[in-house]
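Read in order, the letters of the sequence shown correspond to residues 201 to 366 in the working numbering.
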Amino acid sequence: MRKVEEWKEGRCRLFHFEIGKIQDWKPVKDLLNWARAWSLWSVHLCTGCCSPELMAVACSRFDAERFGTLPFPTLRECDLLFILGVVSEKMAKRVKITYEQMPEPKYVIALGDCAISGGLWWDSHNVVQGVDKIIPVDVYVPGCPPRPEAWIQGIRLLQKKIMEGR
């Protein structure tokens, strides 16, 4: 109580965040990682049939927004990229360009067997056998198509990685 009264009278400062005086940056980094993990703006790049499951994830039963994932229309402001469906050789360039347009830090979740390994068409002449051959992937969510529960689990796994600083 005495500190509060001293502060009101201007005799005491409750907070002083001068850069030179901070000895331990870990609490600040933890706070930034927590904020990043719970405010993921996402965009999805769909080249297959997993989009109906995305609609289920966005609806009220699963509501991905309560986990901090908000769909956003522009790449230059998103930090999470969902890749769904088969990635062909022709589409690989677009995937790379899409990834490069996102600001740092950026995260990628590969959803479905097609994005992870090429799916049923893995041995086709123009199919990339996994999006990780083009861009780095943080989380893999298997399934054909992956259930909404698996999507949420993938988002939670990514949040855990972000909060751990990976």
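Ideal placement from N, C-alpha and C gives every residue a C-beta, glycine not left out.
For Ile334, the closest C-alpha among the options Gly312, Thr298, Ala256 is that of Thr298. In this structure the segment 272–281 does not lie against the segment 314–322, because fewer than three pairs of beta carbons, one per stretch, are closer than 8 Å. Straight across, the Cα-Cα distance linking Pro346 with Asp323 is about 21 Å.
Across the set Glu289, Ser242, Lys290, Gly354, the C-alpha of Ser242 shows the shortest separation from the C-alpha of Phe272. Taking the Cα positions, Val308 is about 12 Å away from Lys296. Secondary structure at Phe282: strand, using DSSP grouped into helix, strand and coil. The residues Val308, Ala310, Val331, in chain order, have a CB closer than 7 Å to that of Val337 in the same chain once the five nearest residues on each side in sequence are set aside. According to the DSSP assignment, Trp225 belongs to no alpha helix (DSSP H), since it is labelled neither H nor E. Excluding residues up to 5 positions away in sequence, Gly268 lie with their Cβ nearer than 6 Å to the Cβ of Trp238 in the same chain.
Under DSSP, His244 takes part in a beta bridge, and its partners are Phe282. Sorting Ile355, Gly312, Leu232 by C-alpha distance to the C-alpha of Pro342 places Gly312 at the top.
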